[in-house]
Amino acid sequence: MHKLLFIMSKSPITINAQEAFDALLMGSAFADCSVLFIGDGVYQLLQAQKPETLGAKNYTLGFPALSDYGVKRVYCSKSQLTSLKINSSELAIPVDQLDDLEINQLITQQHKVLSF
Numbered sequence: 000m001h002k003l004l005f006i007m008s009k010s011p012i013t014i015n016a017q018e019a020f021d022a023l024l025m026g027s028a029f030a031d032c033s034v035l036f037i038g039d040g041v042y043q044l045l046q047a048q049k050p051e052t053l054g055a056k057n058y059t060l061g062f063p064a065l066s067d068y069g070v071k072r073v074y075c076s077k078s079q080l081t082s083l084k085i086n087s088s089e090l091a092i093p094v095d096q097l098d099d100l101e102i103n104q105l106i107t108q109q110h111k112v113l114s115f
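Okay, so the sequence shown: first residue is 0 according to numbering that gives the first Met the number 0, each after it adds one.
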């Protein structure tokens with residue numbers, strides 16, 4: 000099975016972030032998918048989100064079901080969590096925190112990488 004990495008780098012209130020999540024769920028039906036949150040995408044992982052107040056759908060409520068869709072590997076940038084002063088206890092789901100070298104290795108191990 001092909002290894003497919005989805006890189007989530009957009010703020011949670013953007014349509015791109017929601018479309019990326021939808022694409023991840025669809026891709027998981029056909030490939031071995033994993034997801035990496037970097038940049039503003041790290042904010043998607045926060046528990047206390049209320050995008051409805053801005054007229055956006057709260058797709059992040061679906062994150063706990065990722066493993067049910069076969070997405071077993073969820074990663075984020077350790078350095079970005081640190082620089083944003085985000086503690087792992089604030090995240091909606093458990094993630095593997097990777098340093099920059101590990102992120103580069105992860106990317107090179109994939110058959111395809113989709114960046115949103």
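Quick reminder that beta carbons are idealized off the backbone N, C-alpha and C, glycines included.
Please read all numbers here as calculations on a predicted model, not as lab measurements.
Proximity winner among the options, relative to residue i (alpha-carbon distances)
{"i": "residue 51", "options": "64, 13, 98 and 87", "result": "13"}
{"i": "residue 40", "options": "69, 49, 80 and 55", "result": "80"}
{"i": "residue 27", "options": "10, 9, 1 and 103", "result": "1"}
{"i": "residue 100", "options": "84, 75 and 93", "result": "75"}
{"i": "residue 70", "options": "86, 93, 83 and 78", "result": "93"}
{"i": "residue 55", "options": "15, 102 and 86", "result": "15"}
Residue range of the unbroken beta strand (DSSP E) whose run includes residue i
{"i": "residue 2", "result": "2-7"}
{"i": "residue 36", "result": "31-36"}
{"i": "residue 97", "result": "95-97"}
Own chain residues within Cβ distance below 6 angstroms of residue i, not counting five before or after
{"i": "residue 58", "result": "17 and 20"}
{"i": "residue 68", "result": "24 and 27"}
{"i": "residue 31", "result": "0 and 2"}
Beta-carbon separation (whole angstroms), residue i vs residue j, contact threshold 8 angstroms
{"i": "residue 36", "j": "residue 24", "result": "Actually they do not touch by this definition, with Cβ atoms about 16 angstroms apart."}
{"i": "residue 114", "j": "residue 8", "result": "7 angstroms"}
{"i": "residue 98", "j": "residue 78", "result": "7 angstroms"}
Contacts around residue i, its chain only, beta-carbon distance under 8 angstroms, and the 5 residues preceding and following it disregarded
{"i": "residue 49", "result": "57"}
{"i": "residue 4", "result": "32, 33, 34, 35, 105, 106, 109, 111, 112 and 113"}
{"i": "residue 46", "result": "89, 90 and 91"}
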